[in-house]
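2 protein chains.
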Amino acid sequence: MDKDSRVQRKRSRNEDLERMRLEMRDTTASIMRLIQKRMTLSKQIGEIKSTLNMNVKDEKVEEDIMNMVLGLSDEIGMSREFSSHFLDALLAESVRLQQIQQDYKSGNVSRLLSREKSKQTHLSIFLKAKQIEASGRRILHMEVGEPDFSPPSEVRGALTESFDLKHYHYSEPAGILKLREVIAKKAGSGISEDMIAVTVGGRFAVFATIVSLLREGDEMISIEPAWPAYRECADFVGANTKALKTTMADEWIPDTKKLEEMINKRTKMIVLNYPNNPTGKILDKKILEKIVSIAKQNAIYLLSDEVYSDYSFRDFSSILHHAYKRSIMVSSFSKSHAMTGFRVGYAIADKEIISNITKVQATALTCVAEPMQYSALAALKARTSENVEMVRKRLDIISNRLQRMSLCFVKPDGAMYVYPQLNNGLQGLSLVEKLLDRGVAMAPGSGFGEAYVQFIRISACQPEDELEKGLDILESVLANG
Amino acid sequence: MDKDSRVQRKRSRNEDLERMRLEMRDTTASIMRLIQKRMTLSKQIGEIKSTLNMNVKDEKVEEDIMNMVLGLSDEIGMSREFSSHFLDALLAESVRLQQIQQDYKSGNVSRLLSREKSKQTHLSIFLKAKQIEASGRRILHMEVGEPDFSPPSEVRGALTESFDLKHYHYSEPAGILKLREVIAKKAGSGISEDMIAVTVGGRFAVFATIVSLLREGDEMISIEPAWPAYRECADFVGANTKALKTTMADEWIPDTKKLEEMINKRTKMIVLNYPNNPTGKILDKKILEKIVSIAKQNAIYLLSDEVYSDYSFRDFSSILHHAYKRSIMVSSFSKSHAMTGFRVGYAIADKEIISNITKVQATALTCVAEPMQYSALAALKARTSENVEMVRKRLDIISNRLQRMSLCFVKPDGAMYVYPQLNNGLQGLSLVEKLLDRGVAMAPGSGFGEAYVQFIRISACQPEDELEKGLDILESVLANG
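Respectively, the protein sequence lines represent chains A and B.
No gaps in the numbering here: position 465 of the first sequence is 465 in my numbering, and each next residue is one more.
Count along the second sequence from 1, then add 481; that gives the number in my numbering.
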């Protein structure tokens with residue numbers, strides 16, 4: 001090709017480029033006009049709905065649109081992930097516009113930040129109780145899951161030793177090797193130290209798992225009643241939480257048929273928490289197997305929070321024994337070793353998942369404080385079976401008292417709570433406020449799922465005589481208002 | 482209105498609803514087809530560009546489109562925030578599709594996770610050095626900013642005491658009141674304890690600040706060379722980092738004219754880090770004032786990481802003295818009190834910003850480990866001026882040696898590093914690898930910004946004789962290769 005024709009060709013390419021850029025501008029503008037049209041439609045539909053007394057959100061209609069969008073994606077060769085992500089953004093924006101236009105907050109985190117404000121949970125009651133205590137009154141803490149007994153005595157020595165041995169440096173982001181080795185050994189065969197990340201409490205293990213595996217618009221299924229942290233972490237990345245509600249009548253056993261029906265293309269994770277907070281339920285092995293097989297069939301992650309597994313009063317089967325590559329087991333030293341304030345937990349999973357969890361941890365906070373890691377290592381040498389017996393006995397005491405008050409509940413298989421239903425339509429939240437006035441803090445059941453307004457959660461983290469005092473107050477308030 | 486006409490009206494509304502829903506479906510489908518068209522165009526433009534040897538990303542063109550989109554938003558009454566967010570998603574998807582279609586990772590976190598893999602920083606060199614040490618060889622650590630001296634002796638007692646006084650429980654998410662009070666007092670007038678969040682190291686203060694204030698598509702300006710954490714945290718939420726590059730020739734002083742030119746509608750934050758890691762620069766007060774005024778004019782957040790402020794060898798002015806409501810000061814106990822492994826830092830800002838930072842911390846990890854908070858409280862009673870003198874002396878030693886090797890650098894005003902440029906086009910990364918072979922770890926300059934491939938960072942966190950040994954090796958490698 002001679003020079004002239006090369007120059008000419010280049011010129012014509014430049015013209016092509018200019019023409020295509022203009023077309024791109026026009027296309028972008030057309031897309032925006034259509035989006036605006038769509039939003040106007042959505043607003044009008046909302047108005048009609050409100051005159052017809054219908055809900056603003058209609059899951060069936062949204063599901064239909066999503067299916068259409070996914071079908072069309074395949075047809076025109078667009079990535080399903082992008083198009084569902086895009087539709088979610090449209091839906092979210094419509095809802096947002098219909099709500100408070102002026103108070104548009106920044107980030108995905110916004111959903112979390114705005115949700116946190118209004119909700120009453122065991123934590124908000126705890127903070128209220130602390131405020132009352134600051135004014136000089138004593139409050140009995142039966143609202144939080146914080147053991148009243150001490151960490152193993154081995155921990156005391158480990159703290160001083162950590163100073164003398166200069167164990168106060170940056171550690172590997174996944175945690176010190178020794179601790180991971182001991183956790184791996186305890187977890188059983190097939191688990192190696194590179195399948196473990198030591199995290200800032202079980203909570204950061206949950207957080208890092210959810211934020212590294214879910215994205216905006218993904219769906220996570222949580223089995224309610226449930227610890228609110230799962231939903232909060234999903235909110236953090238803009239993922240949607242769908243609740244599979246369980247009932248006391250069904251002895252808190254999840255309906256696996258319903259679970260299967262809830263799963264769609266956007267479902268990315270199921271969260272399990274057994275022994276359960278707040279019900280104390282432990283699943284039969286068969287049910288767990290069924291859930292694992294559902295997850296397998298749909299290639300869904302299974303996050304199993306087993307932080308209460310040491311407090312199991314019947315057979316408990318860890319997710320680790322089900323050899324599922326997409327499962328993540330989370331645990332911590334907070335409950336088993338009464339080390340809540342040490343903030344040491346861990347995740348056990350496939351190497352690649354652990355590597356992502358570790359990267360999230362390295363980005364957010366470098367690593368877990370080294371003296372706390374060495375304290376956890378020392379704690380693992382201690383026997384904790386006495387604590388387990390003690391909690392079991394306390395749960396019996398609470399259960400007996402509640403029975404005498406004619407409250408219904410399912411006797412806990414494990415964990416450290418009883419979750420009774422109140423009679424005569426009494427709301428947990430209003431009871432909890434009355435109890436706080438009388439000097440005892442208990443947790444409102446609705447903190448674990450909006451369906452459970454008639455429940456309260458009573459924690460066994462107090463000595464027996466204190467528990468009795470708290471239950472006396474409960475009995476008196478229930479009898480006399 | 483009689484019953485018949487009410488029924489009829491309801492029926493006609495239901496028909497309206499049905500019709501509008503169909504229109505909504507059609508509109509959604511049209512939007513998707515246009516998006517597909519846009520992506521095809523974008524791909525074709527990419528192909529032409531590659532034959533013309535042009536960059537895939539063209540900031541000027543993107544800026545033009547953004548301006549058009551914002552203008553159109555105003556015209557058709559769409560929220561500017563939504564439309565810019567939407568355009569960003571389109572651009573990101575186009576780029577993503579052009580890259581690796583099959584390796585589509587989940588979440589915003591994906592950008593972070595994929596970036597982390599390839600980049601060599603002081604941290605990756607540190608981990609390499611640790612691996613070499615595990616095989617039995619000794620490595621001199623002049624790559625990380627981890628003081629070799631001990632935390633104050635007060636901390637040892639605080640550790641044991643924290644066990645005996647049962648300081649191992651959940652604390653308030655913002656940190657124990659006493660510690661916040663002492664930090665507030667130290668920070669000076671106008672700072673109250675509710676303007677402080679105690680965090681898991683300064684790093685989590687940076688993380689929580691960035692993720693609670695920035696959203697996908699927002700822009701953050703970082704003054705390079707810079708600690709890579711800022712960019713990593715922005716990546717985490719999908720915000721874009723723009724680098725304002727400074728040069729050794731300008732004595733690392735940022736060009737405030739350039740800064741002003743970089744700011745657009747999407748700019749939400751400027752990150753300052755003085756005394757600077759890695760250059761040791763401290764800004765003149767006038768320059769800082771100019772930056773604050775630019776931020777004020779544009780209502781941009783100013784994140785000021787002042788973790789090295791105790792190591793200032795000339796006047797240093799904290800952002801707190803500039804009374805700017807959108808500023809966030811971050812610091813920690815890691816460098817000032819040699820407590821890296823304790824992971825205690827803090828943010829000081831307006832109450833509302835602190836409240837959001839605290840919520841992020843509560844969601845991710847509940848609170849900082851209580852024994853670590855009490856250790857920090859004890860550390861604040863200690864004098865640390867001897868450490869500062871020691872580091873200053875070490876920096877002098879390093880500077881003198883580097884001068885003798887004829888390396889160019891700006892003498893540090895503070896912090897604990899020297900950041901020299903290598904001669905004859907020698908690349909920092911290849912030098913660092915040779916040095917590691919010879920038993921000394923130093924940090925590649927490119928870890929702090931891709932423009933600084935010819936720099937290395939030498940850390941003063943070793944005793945003088947060790948520093949001399951490390952510098953002997955450097956001198957020998959530079960002389961003989």
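Cβ coordinates follow ideal geometry from the N, Cα and C atoms, glycine included.
Within the same chain, show all residues whose beta-carbon is closer than 6 Å to that of residue i, passing over the 5 residues directly before and after it, in chain order.
| i | result |
| --- | --- |
| residue 473 of chain A | 438, 440 |
| residue 174 of chain A | 197, 358 |
| residue 682 of chain B | 813, 824, 826 |
| residue 326 of chain A | 301 |
Mark residue i as exposed unless 16 or more other C-beta atoms lie within 10 angstroms of its C-beta, in which case mark it buried.
| i | result |
| --- | --- |
| residue 718 of chain B | buried |
| residue 131 of chain A | exposed |
| residue 62 of chain A | exposed |
| residue 71 of chain A | exposed |
| residue 893 of chain B | buried |
| residue 121 of chain A | buried |
| residue 145 of chain A | buried |
| residue 335 of chain A | buried |
| residue 943 of chain B | buried |
| residue 582 of chain B | Since pLDDT at residue 582 of chain B reaches only 29, below the 50 mark, its modelled position is unreliable, and the value read off the structure follows with that caveat. Looking at its Cβ environment, which holds fewer than 16 other Cβ atoms inside 10 Å, residue 582 of chain B is exposed. |
| residue 403 of chain A | exposed |
| residue 73 of chain A | buried |
| residue 748 of chain B | buried |
| residue 165 of chain A | exposed |
Excluding the five sequence neighbours on either side, which residues of its own chain have a C-beta within less than 8 Å of the C-beta of residue i, listed in chain order?
| i | result |
| --- | --- |
| residue 930 of chain B | 705, 706, 707, 724, 726 |
| residue 891 of chain B | 729, 732, 733, 760, 761, 762, 900 |
| residue 65 of chain A | 87 |
| residue 255 of chain A | 244, 246 |
| residue 429 of chain A | 120, 444, 446, 453 |
Can you list, in chain order, the residues of its chain whose CB lies under 7 Å from that of residue i, leaving out five sequence neighbours each side?
| i | result |
| --- | --- |
| residue 569 of chain B | 697, 698 |
| residue 371 of chain A | 159, 162, 167, 168 |
| residue 199 of chain A | 205, 208, 345, 346, 347, 361, 368 |
| residue 659 of chain B | 858 |
Among the options, whose alpha-carbon lies nearest the alpha-carbon of residue i?
| i | options | result |
| --- | --- | --- |
| residue 465 of chain A | A:142, A:91, A:72 | A:142 |
| residue 390 of chain A | A:366, A:310, A:452 | A:310 |
| residue 866 of chain B | B:793, B:713, B:653, B:534 | B:793 |
| residue 758 of chain B | B:767, B:847, B:881, B:925 | B:925 |
| residue 775 of chain B | B:720, B:702, B:835, B:763 | B:702 |
| residue 446 of chain A | A:426, A:266, A:481 | A:426 |
| residue 771 of chain B | B:795, B:739, B:614 | B:739 |
| residue 480 of chain A | A:405, A:4, A:127 | A:405 |
| residue 123 of chain A | B:556, B:606, B:653 | B:653 |
| residue 695 of chain B | B:562, B:943, B:883, B:490 | B:562 |
| residue 713 of chain B | A:305, A:361, A:127 | A:361 |
| residue 415 of chain A | A:240, A:24, A:421, A:316 | A:316 |
| residue 532 of chain B | A:13, A:24, A:431, A:254 | A:13 |
| residue 938 of chain B | B:607, B:795, B:557 | B:607 |
| residue 804 of chain B | B:556, B:831, B:566, B:667 | B:831 |
| residue 755 of chain B | B:898, B:958, B:818, B:902 | B:898 |
| residue 956 of chain B | B:940, B:934, B:916 | B:916 |
| residue 882 of chain B | B:835, B:795, B:950, B:847 | B:950 |
| residue 638 of chain B | B:875, B:856, B:672 | B:856 |
| residue 710 of chain B | A:352, A:364, A:260, A:85 | A:364 |
| residue 674 of chain B | B:662, B:667, B:684 | B:662 |
Compute every distance between the C-beta of residue i and the non-hydrogen atoms of the ligand ZN, then say whether any falls below 8 Å.
| i | result |
| --- | --- |
| residue 177 of chain A | With respect to small molecules bound, the structure shown includes none, and the ligand ZN cannot be examined in it. |
In the DSSP assignment, what are the bridge partners of residue i?
| i | result |
| --- | --- |
| residue 545 of chain B | Residue 545 of chain B pairs with nothing; no bridge assigned. |
| residue 418 of chain A | A:458 |
| residue 141 of chain A | A:441 |
| residue 198 of chain A | A:346 |
| residue 486 of chain A | Here chain A comprises residues numbered 1 to 481, so residue 486 of chain A is not present and cannot be evaluated. |
| residue 532 of chain B | In the DSSP output, where bridge partners are listed per residue, residue 532 of chain B has none listed. |
| residue 722 of chain B | B:701 |
Item to complete: Note down, one range per segment and in chain order, each alpha helix (DSSP H) of at least 4 residues found wholly within the stretch 307 to 377 of chain A.
Response: Runs of the alpha helix (DSSP H) spanning 4 or more residues and lying entirely within the stretch 307 to 377 of chain A occur at 351 to 365, in chain order.
Exercise. Can you list the beta strand (DSSP E) stretches of 3 or more residues lying completely in the stretch 383 to 407 of chain A, in chain order?
Worked result: If we require 3 residues or more, the stretch 383 to 407 of chain A turns out to have no beta strand (DSSP E) run fully inside it.
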